[in-house]
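Below you'll find the structure, written out as structure tokens, and then a few comments.
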Amino acid sequence: MKANDVVILNLAGVTDMTDYFVIASGTSDTHVRSIGEHVIAEMKKAGLTVHHTEGLQQGRWVLLDFFDFVVHIFHPTLRSFYQIERLWSDAETVALEPQE
400 MKANDVVILN
410 LAGVTDMTDY
420 FVIASGTSDT
430 HVRSIGEHVI
440 AEMKKAGLTV
450 HHTEGLQQGR
460 WVLLDFFDFV
470 VHIFHPTLRS
480 FYQIERLWSD
490 AETVALEPQE
């Protein structure tokens, strides 16, 4: 399951809410929901449990709270509207390894 425009923000020293935000986009409501379900399943395999979810049924903005990190998966129109990266611009962006 491939997400688009993945960004990781290191929130250490910016907020006590969580350590990281993982922000990504899907191409449609169905894609956003599928990415969210895939993340939950893969994290479960890794022994991590999602503690809170929002938006999984609608597929416009899915929030998955794993305490140490929070995953935000957006429909592209909502991501550009909310500009969450700009809202948390004090956070350092974590470099990602290119995926094949």
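Going by the numbering used here, the first residue of the sequence shown is number 400, and it counts up by one from there.
In this text, a Cβ means the ideal position worked out from N, Cα and C, and glycines have one as well.
With 16 other CB atoms within 10 Å as the buried threshold, where does residue i fall?
i	result
Arg432	buried
Arg485	exposed
Val364	Because the chain is modelled from 400 through 499, residue 364 falls outside the range shown and cannot be assessed.
His430	buried
Leu410	buried
Ala494	exposed
Ala445	exposed
Gly425	buried
Gly412	exposed
Ala402	buried
Ala423	buried
Ala440	exposed
Phe342	Because residue 342 is not part of the residues shown, which for the chain are 400 to 499, the question remains open.
If you reduce the DSSP assignment to three classes, tell me which class residue i lands in.
i	result
His474	coil
Pro465	Reading the sequence as shown, one finds Phe at residue 465 and not Pro. In the structure shown, Phe465 sits in coil (DSSP, three-state: anything other than H, G, I, E or B).
Which residue's Cα is closest to the Cα of residue i: the options?
i	options	result
Asp404	Arg478, Ser488, Gly454	Arg478
His388	Val406, Gly435, Arg459, Ala445	Missing from the structure shown is residue 388; the chain here goes from 400 to 499 and no further.
Met400	Ile472, Thr414, Trp487	Ile472
Gln456	Ser427, Tyr419, Asp489	Ser427
Would you check whether the ligand MN has a heavy atom nearer than 7 Å to the C-beta of residue i?
i	result
Thr429	In the structure on display, the ligand MN does not appear, and there are no ligands present to speak of.
* What are the start and end residues of each continuous alpha helix (DSSP H) run of 4 or more residues lying completely inside the stretch 426–462, in chain order? -> 428–444
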